[in-house]
Amino acid sequence: MAWWFGWSVDEVYTLPLDEFEDWQKEATRQMKAGYRRGGI
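Each residue of the sequence shown is one higher than the last, beginning at 1 in our numbering.
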């Protein structure tokens with residue numbers, strides 16, 4: 001997720017579990033929809 005959204009690894013580590021799960025679902029949704037990293 002850090003790579004996908006352009007975050008640092010430390011930012012991912014500090015996310016509460018519920019927020020981590022939400023962002024993980026969003027990344028999965030974007031990948032399945034054919035998005036590429038950085039919105040390009």
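Beta carbons are placed, not taken as given, at the ideal position from N, Cα and C, and that holds for glycine. Everything numeric in this text was worked out from a predicted model, so none of it was measured.
Own chain partners of valine 9 with C-beta closer than 7 Å, once the 5 adjacent residues on each side are dropped:
Hits under 7 Å: Ala2.
Report yes if the CB atom of leucine 15 is closer than 8 Å to the CB atom of tryptophan 4, and no otherwise.
No.
Determine the extent of the alpha helix (DSSP H) in which tryptophan 3 is found, giving its start and end residues.
Taken as a continuous stretch (DSSP letters only), the alpha helix (DSSP H) holding tryptophan 3 covers 2-5.
Tell me the residue span of the alpha helix (DSSP H) that contains threonine 28.
From DSSP, the alpha helix (DSSP H) with threonine 28 extends over 17-32.
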